[in-house]
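All residue numbers for the sequence shown refer to this note's numbering, where the first residue is 45 and numbers rise by one.
The next block holds one structure in the form of structure tokens; read it before the comments.
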Amino acid sequence: VEGHLWYTANDYNHRDAAYEEILHFMHDMGIGVDGTNTNPGALPAYQTEIRAAQDNADNNTFAIWPIGSSSTSGWYYELAQENSLSQEYLASVVDSYYGLWEAWNEVGEPSSATTGMWGLYIAKTRTEIQTEDPMGYAVMGKYFSPMININMDIDPSFTGIFNMTRNDTQKYTYKSQYLQHTSLTGTNTSGLKGNDSDNNLNGNDSNNTIEGVKGNDRIDCKDGTADKVIFTGNYADYTFTVNVDHYIVTDGIVNRDGIDTVYNCEILKFADQEVNANILATEDFELANAFKIFPNPATNEITIQLNNLEFSSIKVTVYDLIGRKVRKSNHTKNTITINTRSLSKGVYLVRIKRDTNSAVVTKRLIIK
Numbered sequence: 045v046e047g048h049l050w051y052t053a054n055d056y057n058h059r060d061a062a063y064e065e066i067l068h069f070m071h072d073m074g075i076g077v078d079g080t081n082t083n084p085g086a087l088p089a090y091q092t093e094i095r096a097a098q099d100n101a102d103n104n105t106f107a108i109w110p111i112g113s114s115s116t117s118g119w120y121y122e123l124a125q126e127n128s129l130s131q132e133y134l135a136s137v138v139d140s141y142y143g144l145w146e147a148w149n150e151v152g153e154p155s156s157a158t159t160g161m162w163g164l165y166i167a168k169t170r171t172e173i174q175t176e177d178p179m180g181y182a183v184m185g186k187y188f189s190p191m192i193n194i195n196m197d198i199d200p201s202f203t204g205i206f207n208m209t210r211n212d213t214q215k216y217t218y219k220s221q222y223l224q225h226t227s228l229t230g231t232n233t234s235g236l237k238g239n240d241s242d243n244n245l246n247g248n249d250s251n252n253t254i255e256g257v258k259g260n261d262r263i264d265c266k267d268g269t270a271d272k273v274i275f276t277g278n279y280a281d282y283t284f285t286v287n288v289d290h291y292i293v294t295d296g297i298v299n300r301d302g303i304d305t306v307y308n309c310e311i312l313k314f315a316d317q318e319v320n321a322n323i324l325a326t327e328d329f330e331l332a333n334a335f336k337i338f339p340n341p342a343t344n345e346i347t348i349q350l351n352n353l354e355f356s357s358i359k360v361t362v363y364d365l366i367g368r369k370v371r372k373s374n375h376t377k378n379t380i381t382i383n384t385r386s387l388s389k390g391v392y393l394v395r396i397k398r399d400t401n402s403a404v405v406t407k408r409l410i411i412k
């Protein structure tokens, strides 16, 4: 189970065989297997491609899979007799595709440094599959998701931050980098760190720390009283939209934290400060409701209307989508006109901040 000691320590005496066994069931009863002793399946053309990749793997004295069968052929011919070669071959590819064998490096087993599935398969990583078994790699791309896109429960014994971003100092991340959605279980104070995918990250009954990283993430801290969600940049880089039971945090810097939808997290931690979510929600809700831009799309100029909003001065900053500041001005009136004639066609971000509090709101502007 993800997060269990056997998982985080990459204990191959207790390896995760769930991928392999579920795949066998899906292959036999869903995709289908050609030949004798099998059931007709739903994807005979796909099985033809799997069979071709398996036949290719057998060539040149089992150069790709199953390595070593030229000298110890009993197992291979047993599989051939029961017509399960394609299933076992595909299981070897799937395990390496999702990173299950990259950390395998067994003392006294030199092949463990370069191969997967107990030394039977030529590749240990997704990149190696692409170069060393391109037919197998092509088969994966036609059916299997690049990410495990179902929710995985983290074992209740886990403590610390369960990391879904690859980190060579945490070799379990060779597997967890391909997880997309995870949930903490139990009552330990612990946390989650996502990856570049659009993650669903869920806390447990204790206080949790959750970081979405890149992508547009859904984060639910659940039932703690001091749960914390972490963002990469400074507080002023983000804008906030408040709803009844959640808030949306939008990073103004492209290709960084994305747009995160956050539930039940009491503290937002930025690079420069921590903010109480309840205070943040009240301030930003007022500013977001008052802020209007028209026309949008625009050509020569835009008008910013700030209806019924109290302030002494307003700072308006316009950014392009790679984060460059292209306009900056200060104003004291509720109706503001900004010349946009010199802006190239494209999409921009207009950010406003009033002097009376730290609230910042951003809206998208199109110049045509």
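We put the CB at the ideal spot given by N, CA and C, even for glycine.
**Asked** Which residues mark the beginning and the end of the alpha helix (DSSP H) in which Glu65 is found?
**Response** Within the sequence shown, numbered from 1, the residue matching residue 65 stands at position 21. From DSSP, the alpha helix (DSSP H) with Glu65 extends over 62-70.
**Request:** Spatial neighbours of Glu318 within its chain, please: CB distance less than 6 Å, with the 5 preceding and 5 following residues excluded, ordered by chain position.
**Result:** Translated into positions along the sequence shown, residue 318 becomes position 274. Same-chain partners within the cutoff: Ile311.
**Prompt:** Roughly how many angstroms separate the alpha carbons of Trp119 and Thr92, rounded to a whole number?
**Reply:** Working through the sequence shown from its first residue, we reach residue 119 at position 75. Working through the sequence shown from its first residue, we reach residue 92 at position 48. If you take the alpha carbons of Trp119 and Thr92, they lie about 23 Å apart.
**Message:** Please report the distance separating the alpha-carbon of Ser113 from that of Asn260.
**Reply:** Working through the sequence shown from its first residue, we reach residue 113 at position 69. Working through the sequence shown from its first residue, we reach residue 260 at position 216. Rounded to the nearest whole angstrom, the CA to CA distance from Ser113 to Asn260 is 47 Å.
**Item:** The beta strand (DSSP E) enclosing Gln349, as first and last residue numbers
**Value:** As a working mapping, residue 349 is identified with position 305 in the sequence shown. 345-350 is the span of the beta strand (DSSP E), which, as asked, contains Gln349.
**Message:** Closer than 8 Å is the cut-off here; do at least three beta carbon pairs connect the stretch 145-158 with the stretch 181-188?
**Reply:** No: the two stretches stay apart, fewer than three of their Cβ pairs being nearer than 8 Å.
**Request:** Quick one: measure Cβ to Cβ for Ile263 and Asp304, integer angstroms, because I've assumed they're closer than 8 Å.
**Result:** One-based indexing of the sequence shown puts residue 263 at position 219. One-based indexing of the sequence shown puts residue 304 at position 260. That pair is a contact at about 6 Å.
**Asked** Between Gln214 and Ser241, which are expected to be in contact by the criterion C-beta below 8 Å, what is the C-beta distance as a whole number of angstroms?
**Response** Here the question's residue 214 lines up with position 170 in the sequence shown. Here the question's residue 241 lines up with position 197 in the sequence shown. No, Gln214 and Ser241 are not in contact; Cβ-Cβ is about 18 Å, not under 8 Å.
**Item:** Cβ neighbour criterion (16 or more within 10 Å) applied to Ile194
**Value:** Here the question's residue 194 lines up with position 150 in the sequence shown. Ile194 is exposed by the Cβ-count criterion.
**Message:** With the cut-off set at 7 Å, would you say Asn248 and Thr269 are in Cβ contact?
**Reply:** Numbered from its first residue, the sequence shown carries residue 248 at position 204. Numbered from its first residue, the sequence shown carries residue 269 at position 225. Taking 7 Å as the cut-off, the Cβ atoms of Asn248 and Thr269 do not count as close.
**Asked** Among residues of its own chain, excluding the 5 on either side of Ala325, which ones have a beta-carbon nearer than 7 Å to its beta-carbon?
**Response** The residue labelled residue 325 in the question sits at position 281 within the sequence shown. For Ala325, the pLDDT reaches just 48, beneath the cut-off of 50, and the residue's location in the model is therefore unreliable, although a value from the coordinates is still provided. Excluding sequence neighbours, Ala325 sits near Val286, Tyr291.
**Where the beta strand (DSSP E) containing Val370 begins and where it ends** = Your numbering for residue 370 matches position 326 in the sequence shown. Judged by DSSP secondary structure, Val370 falls within the beta strand (DSSP E) whose first and last residues are 369-375.
**Request:** Go through the stretch 215-280 residue by residue and report every complete run of the beta strand (DSSP E) that reaches 3 residues or more, in order.
**Result:** Secondary structure in the stretch 215-280: the beta strand (DSSP E) runs of 3 residues or longer, each lying completely within the stretch, are 223-228, 234-237, 244-246, 253-255, 262-264, 272-274 in chain order.
**Asked** Cα-Cα, which of Tyr142, Ser234, Glu354 is closest to Asn252?
**Response** For the purposes of this step, residue 252 is taken as residue 208 along the sequence shown, with counting starting at 1. Of the residues Tyr142, Ser234, Glu354, the one whose Cα lies closest to the Cα of Asn252 is Ser234.
**Asked** For Arg300, which option in Ile366, Glu330, Phe335 has the closest C-alpha, if you only look at C-alpha atoms?
**Response** Position 256 of the sequence shown, counted from the first residue, corresponds to residue 300. With distances taken between Cα atoms, Arg300 lies closest to Ile366.
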